[in-house]
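First up is the structure itself, then whatever we jot down about it.
Chains as they are written, first to last, in this note's numbering: chain R, 716 to 1090; chain C, 716 to 1090.
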C-alpha cells in the first residue's frame, strides 16, 4: 500500500518554495435549515433529458427514514442505498459505474452523494469514472484524470470530514489506499442543511467532529501553514470548541459543526496534518480502524506533541462520556507492530509538518511503539 | 437613482422564509506571497488562440511601477490602465467593450482586473458585456444577464471591499447606481498576492479596511444573519482587529487583511449591511463621497446603534492617526439634505436588518439629519 504518495503533494508552500496551489473551490453552495427541499430546483437545469437520470447515492442508514421520500426523483432517476460501514473501494466504484452504464442508455445528468465522507467520496469517484475509461484504481494519485467528471453534488449528513470541499476522494484499491486527487474531483454543488445531521449517534458525531478538531490542531501547529489556511483552520477550531465544550442549543450546535467541517476542509488548501494522522494511518492499515476513531485513539496519547490540543480533547471526551476502546494494540504480533510503525513513519510530510525537517532525530521506532502500546 | 433595488434581494433567509440563496463561489483561488508570478501559467490554458488576447485592466497608479513588467503579456494581449479616482460607470464599460471589439478580430480569451474594487468591478462588467448585447446599464439589477461572461480573473491590490468574491459589480449608470448582480458576475479565478498591497497609502488602506470592518459589525449585529455568514463575518472581524489594533509585522498584516476582505466578502452570502451603509449611500449620492471614506464618516457617529463597533473604530482611527474631513454636510442646502435623507431611508432592507421590522418607529428624518450635520 502506497500511503506515502497519498500526502506527498501537500508539500510546504512557504519558505524555499514560491509556488502555490491554485485551489479549486466548490463553485456553488447553499446553506440553511431545510434547504434540502431546494434540491429538485437546483438539479432541474442540470438535467440533460428525461433519459439521463440523476443517480442518488444515499447512506443505507436513511433507507427507512423520511429522507428518501424527500429526494426529488423524476423520470428514470435512481436511488442507490450504500452502506458506509466500510471504507469506499475502487472496485465498488467500478461496479457502480458498470451498473449505471448497463441500466441506462444515456449517461446520467448527475450524481448526488448524500451521507458522510464515504458516500461523498463514492459520489465524487463515480462521477469521474462515468467520463473516464478503465478502473478507478488507475486514477489514484495526482491529476491523472483526463476528462471532467459529470455533474456531481454533495450533501453531508454528518459533519467533520471536510469531504464536501476537498479535491480528493480517498479509495481503497487493490494495491493502495489513495485518493483520486484532481481538480475534477471537487463537487459542482454542495448543499448544507444542518437538519440532516439530526439523528447522528453520539459516538459517530464525536469521532467525525474530532476528525475536524484534530486536523485543525495538527495543521495550525504545523510548519506548512500559510495565512489562507490559518484563517480557515482557526475558525474551524474555534467552532469545534464551541460545539464540544460550549453551551449551544442543538440547532446552533448542528449549524456550527457543519460550518466547522466546511472551514476545516477549506483549510487543507495550504496545510498538512501531523502525528495523529500519521499514526492513525498505521492503525487503519493493520487493524482496519476507521479514520475518525483512529485519530481519537492516537491523539489522546500525543500530549507531548500537542499539549493544549490533547488537554482540550480529553475535556471534550469527558464532557460527552465517550469511551474509547482499549488495549487494541496489545494483541499485535511483533511483525504487525513493525508494519504499523513502518506505515506511519512512511508518511514523511506529516512528520516534517509536525516536527520540522529534522523530525527523524525527534522520533524513533521505539517511541512510536510505546505510543501504540498505550492504545 | 434606484438605490432601493440595489439591496432589495438581500432579504432575510431566516424566519418566515425557507428559501436560501444558492451562492456562487469563486471556483479557483491561489494565495501566496509572490503568487502573481504564477499568472502566466494560470492563464495559458484559457487562451483560445494567439488572436484572442488577454486584456489586463490595471489601476493607473501602477503605470510607472514594476508591476506592468511582470504581467504575462503574450501575442496581442493588451494592458489598459484605468484611473480608480471615480466610481466605475456603465458608459465606461460600454466604451471599453467597444474598444476591445474594434481593436481585435476575435473576442478576448479573458479579462484580468488588477486593482481595488473599481478595477475588479470593471473587469467583471466588461467580461459580461463582451458576451451580452446592448449597454451595461440594461443589465443593472438581478439576474438579467443571459449569457455567461467570458473568462475573468481578479487580482486585488488593496484589501477590504470583498469585490474579489462577490456576485455583483456596482456601476454608476445614466439612471441609477446599481450592481449587475448575477451568477455570471463572480470571477472564474482570483489571485491573492499580499505583496501587491505593499505601497497602498495609509489613508486608503484604512478606509478600504474599514469597509470590511464596518460591513462585519453591521452584518453580525443584523437580523438577516445565519450560521454560514456568521462564521465568515466573525473571522473577518477578528482579523480586522488584529490588523488595526494588534502588533502584527507588516507582512502578517497584509496577509491577514487580504484574508479578512475575502472572508468578509463571503459573509455577504446570507447577510446584509446596516445604518452606516444606508447613510453613506446618501452621502455618496449627494456629495459623490467614495464608499470607504463615506462609511467611516457616518460610522463614527453611530455609537447609539453600534456601541462596541464604534468604540473599536475610534480606537483604530486614533491608533493610525487618521483625520477624517469635517463639516462636510454643513454646506448642504435644505433640499440637498432632504434628498440625502430620502436616499438613505429608501434602503429599507438595511434599516430592517439593523433595527428589525419596526425600524420606522426607531428612526426619523430628524434623527438622520442630526447625524448628517455632525459629519
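No residue lacks a Cβ here, since even glycine has one placed at the ideal position from N, Cα and C.
Residues bridged to residue i (per DSSP)
| i | result |
| --- | --- |
| residue 738 of chain R | C/744 |
| residue 1037 of chain R | Paired residues: none, contrary to the question. |
| residue 774 of chain C | C/797 |
| residue 887 of chain R | R/804, R/892 |
| residue 769 of chain C | C/825 |
| residue 830 of chain R | R/871 |
| residue 1066 of chain C | None; residue 1066 of chain C has no bridge partner. |
For residue i, three-class secondary structure by DSSP
| i | result |
| --- | --- |
| residue 725 of chain R | Here the model assigns residue 725 of chain R a pLDDT of 42, short of 50, so the residue's position is not dependable, and the following value carries that caveat. Coil at residue 725 of chain R, not helix or strand. |
| residue 988 of chain C | coil |
| residue 825 of chain R | strand |
| residue 1071 of chain R | coil |
| residue 856 of chain R | strand |
| residue 762 of chain R | coil |
| residue 790 of chain R | coil |
| residue 780 of chain R | coil |
| residue 750 of chain R | helix |
| residue 897 of chain R | coil |
| residue 1001 of chain R | helix |
| residue 1087 of chain C | helix |
| residue 1079 of chain R | coil |
| residue 819 of chain C | coil |
| residue 965 of chain R | helix |
| residue 730 of chain R | Any reading at residue 730 of chain R is ruled out, since the residue's pLDDT is 39, under 50, leaving its predicted position unreliable. |
| residue 878 of chain R | coil |
| residue 839 of chain R | helix |
| residue 1022 of chain R | helix |
| residue 1017 of chain C | coil |
| residue 1043 of chain R | coil |
Residue i: first and last residue of the uninterrupted beta strand (DSSP E) it sits in
| i | result |
| --- | --- |
| residue 867 of chain R | 867-871 |
Member of the options whose CA lies at the smallest distance from the CA of residue i
| i | options | result |
| --- | --- | --- |
| residue 902 of chain C | C/874, C/1021, C/991, C/743 | C/743 |
| residue 1066 of chain R | R/1088, R/760, R/996 | R/996 |
| residue 988 of chain R | R/962, R/935, R/838 | R/935 |
| residue 961 of chain R | R/1027, R/907, R/1021 | R/1027 |
| residue 859 of chain C | C/802, C/1042, C/895 | C/895 |
| residue 866 of chain R | R/884, R/848, R/899, R/1049 | R/899 |
| residue 1035 of chain R | R/917, R/1079, R/816 | R/917 |
| residue 932 of chain R | R/942, R/953, R/1076 | R/953 |
| residue 822 of chain R | R/846, R/836, R/803, R/835 | R/846 |
| residue 919 of chain C | C/837, C/906, C/1006 | C/1006 |
| residue 1054 of chain R | R/966, R/844, R/1009, R/999 | R/999 |
| residue 969 of chain C | C/756, C/1029, C/875 | C/875 |
| residue 761 of chain R | R/1050, R/904, R/949 | R/904 |
The alpha helix (DSSP H) enclosing residue i, as first and last residue numbers
| i | result |
| --- | --- |
| residue 904 of chain C | Looking at the DSSP string, residue 904 of chain C is not in any alpha helix (DSSP H); the run it does join, the beta strand (DSSP E), is 904-907. |
| residue 846 of chain R | Residue 846 of chain R -> no alpha helix (DSSP H), and no H or E assigned at all. |
| residue 958 of chain R | 942-960 |
| residue 1051 of chain R | 1049-1060 |
| residue 919 of chain R | 917-935 |
| residue 1010 of chain C | 1006-1014 |
Interface flag, residue i vs chain C, CB-CB below 8 Å
| i | result |
| --- | --- |
| residue 988 of chain R | no |
| residue 941 of chain R | yes |
| residue 978 of chain R | yes |
| residue 757 of chain R | yes |
| residue 780 of chain R | no |
| residue 862 of chain R | no |
8 Å Cβ cutoff, residue i in contact with chain R
| i | result |
| --- | --- |
| residue 739 of chain C | yes |
| residue 997 of chain C | no |
| residue 974 of chain C | yes |
| residue 970 of chain C | yes |
| residue 931 of chain C | no |
| residue 750 of chain C | yes |
| residue 946 of chain C | yes |
| residue 753 of chain C | yes |
| residue 954 of chain C | yes |
| residue 731 of chain C | Bear in mind that the predicted position of residue 731 of chain C carries a pLDDT of just 39, short of 50, making it too unreliable to give a figure here. |
| residue 804 of chain C | no |
| residue 950 of chain C | yes |
| residue 1085 of chain C | no |
Contacts of residue i in chain A (Cβ-Cβ under 9 Å)
| i | result |
| --- | --- |
| residue 744 of chain R | Here the protein chains are R and C, and chain A is not one of them. |
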